[in-house]
Amino acid sequence: MLILKRIFPLYKPDVVVIVFLPNDLFTNTPISEEYELKGDSAVHKRGEKDSNSHLLTLYKRALISFDWIYAKLYLMTGRGAYFSSPSTQTFEDKMNLTKELLERAARYSESRGAEFLVISIPQQFQVLYKENGYKFDNTDVDLIDEEFQKFAEEKGFTWITLLDVLAEYKRNEGTELYYRLDGHLNKDGNNVVGDYITSAFIERFGGIMNLSGR
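Numbers given in my numbering equal positions in the sequence shown, counted from 1, plus 15.
Shown next, in the form of structure tokens:
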């Protein structure tokens with residue numbers, strides 16, 4: 016939201032797109048008008064790894080290469096609470112905060128003549144869970160998207176979710192779409208996301224987009 020307010024006057028876009036991931040829920044914080052963004056990047060320092068940490072990483076990599084083990088281990092982490100039912104109060108508070116930020120960004124964009132969209136990219140855990148048809152107790156990988164989809168409809172902006180798209184592609188093609196160890200999209204995953212978003216944009220904005228390739 017802070018970056019949007021900084022760059023919108025420079026570019027005056029017709030469409031504002033925000034990419035959402037479930038871990039954003041637990042990193043989003045309230046903002047105030049007095050807050051100033053202190054730069055757009057952070058520097059991460061890495062310490063030297065000893066041989067024990069390399070062995071640990073190798074062991075972890077071997078374990079999480081199995082979908083079922085990966086899913087079970089994921090649910091044992093703090094992020095497992097994102098998809099638990101019934102939800103916790105902390106989760107509800109973070110959902111409400113994120114809704115507030117999304118509505119604020121949508122109102123800001125729309126008041127300046129720009130359409131507002133959110134593209135929801137799932138965690139690797141969600142894709143593996145859905146692709147394999149797992150049914151763990153008290154687990155709902157669609158919970159977050161369903162809640163925000165309903166919220167977006169109420170507030171008049173667009174929510175595009177890619178969970179079913181990625182899960183179906185992996186089921187049909189058997190292609191890994193994420194780096195298993197760090198959970199980021201790999202080249203194939205980015206290609207699937209890019210192709211789907213391109214099609215969705217052409218369908219929605221074909222009348223106003225320059226599709227000549229220039």
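The C-beta atom is built at its ideal place from N, Cα and C for all residues, glycine as well.
Membership of L158 in the alpha helix (DSSP H) is indicated by the continuous run L158 to K170. The C-beta distance from L90 to F151 rounds to 7 Å, short enough to meet the 8 Å contact threshold. Distance from the CA atom of Q164 to the CA atom of S99, rounded to whole angstroms, is 18 Å. Between A96 and V133 the beta-carbon gap is near 22 Å, outside 8 Å, which marks them as no contact. The stretch 214-223 makes no contact with the stretch 189-197, as fewer than three CB pairs between them are under 8 Å. Contact check for F35 against S135 passes: the beta carbons are separated by less than 8 Å. Judged by DSSP in its simplified three-state form, E191 adopts coil rather than helix or strand. Under DSSP, E130 shares a beta bridge with V30. A straight-line Cα-Cα distance of about 31 Å links V32 and G148.
Beta-bridge pairing by DSSP links F220 to no other residue. The beta carbon of W83 is closer than 7 Å to none in its chain, skipping five residues each way along the sequence. The alpha-carbon separation between A182 and T105 amounts to approximately 28 Å. Counting only residues of its own chain and dropping the five nearest sequence neighbours on each side, I46 has a CB closer than 7 Å to the CB of M16 and L17.
DSSP, reduced to helix, strand and coil, places T154 within a strand of the structure shown.
Here P101 is exposed: its Cβ has fewer than 16 other Cβ atoms, across all protein chains shown, within 10 Å.
Collapsing the DSSP output to three states places I175 in a strand.
Selection G209, T154, F23 and D29 evaluated against G128 yields D29 as nearest (Cα-Cα). Annotation: E107 to L177 spans about 23 Å, alpha carbon to alpha carbon.
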